[in-house]
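Shown next, in structure tokens, is the structure this report addresses.
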Amino acid sequence: MKYVAEPHMHSMPAVTLSPNEKWLACQSMDNTILVYGVHNNFRLNRKKNFKGHMVAGYACSADFSPEGSLVVSGDADGKLTVWEWRTTRIVTRFKAHDSVCISCLWLPHETSKVISCGWDGKIHLWD
Numbered sequence: 793m794k795y796v797a798e799p800h801m802h803s804m805p806a807v808t809l810s811p812n813e814k815w816l817a818c819q820s821m822d823n824t825i826l827v828y829g830v831h832n833n834f835r836l837n838r839k840k841n842f843k844g845h846m847v848a849g850y851a852c853s854a855d856f857s858p859e860g861s862l863v864v865s866g867d868a869d870g871k872l873t874v875w876e877w878r879t880t881r882i883v884t885r886f887k888a889h890d891s892v893c894i895s896c897l898w899l900p901h902e903t904s905k906v907i908s909c910g911w912d913g914k915i916h917l918w919d
């Protein structure tokens with residue numbers, strides 16, 4: 793997604809929609825996940841800024857937990873980071889892959905489980 797409203801904005805190659813369809817979580821190339829409101833002309837929610845991971849130019853995807861209380865993302869170091877939606881604080885971070893963790897998805901019917909895939913050629917199921 794490329795939406796340039798301010799000159800300092802970075803490219804956002806990975807975007808995901810929240811379960812309530814009110815928010816877009818956008819993986820920015822400046823190592824943050826920025827949140828935009830869907831119903832207010834895609835205005836940036838400055839209170840929701842998720843940091844602590846390193847994408848290093850990769851289009852690492854993010855995802856919301858099915859109930860919308862958590863956000864997860866992979867990074868260039870092969871780590872998975874989970875943040876609390878309400879406070880944007882990191883809940884957990886761990887090494888998931890030997891290379892880039894390019895994608896992760898929450899299972900919709902088993903809400904404690906996340907699937908991740910990496911450039912190491914592996915797919916993992918985390919609980």
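Counting in our numbering, the sequence shown runs from 793 upward without gaps.
Glycine is no exception: its CB is placed at the ideal position from the N, C-alpha and C atoms.
### Query
Can you name, in chain order, every residue of its own chain whose Cβ lies under 6 Å from the Cβ of Trp875, other than the five neighbours on each side?
Numbered from its first residue, the sequence shown carries residue 875 at position 83. Same-chain partners within the cutoff: Phe842, Val863 and Ile882.
### Task
Indicate the three-state DSSP secondary structure (helix, strand or coil) for Tyr828 in the structure shown.
Reading the sequence shown from its first residue, position 36 is the one you call residue 828. Residue state, collapsed to three classes: strand.
### Message
Beta-carbon within less than 6 Å of Ala806's beta-carbon, same chain only, minus the 5 sequence neighbours each way: which residues are those?
### Response
Residue mapping note: residue 806 aligns to position 14 of the sequence shown, counting from 1. Cβ within range, chain order: Gln819, Ala851 and Ser853.
### Query
Ser865: buried (16+ other C-beta within 10 angstroms of its C-beta) or exposed?
Taking the sequence shown and counting its residues from 1, one reaches residue 865 at position 73. Result: buried.
#### Entry: Identity of the residue in Asp912, Met801, Val906 and Phe856 nearest Leu836 by Cα
The sequence position of residue 836 within the sequence shown is 44, counting from 1. Selected option, being the one with the closest Cα: Met801.
### Which of helix, strand or coil DSSP assigns to Pro799
Residue 799 sits at position 7 when you count from the first residue of the sequence shown. Summary for Pro799: the model assigns pLDDT 48, below 50, so the residue's position carries little reliability, and this model does not support an answer.
### Query
Tell me which same chain residues have a C-beta within less than 6 Å of the C-beta of Pro799, skipping the five on either side of it?
The residue you call residue 799 lines up with position 7 of the sequence shown. Bear in mind that the predicted position of Pro799 carries a pLDDT of just 48, short of 50, making it unreliable; the figure below should be weighed with that in mind. Closer than 6 Å at Cβ, skipping near neighbours: no residue.
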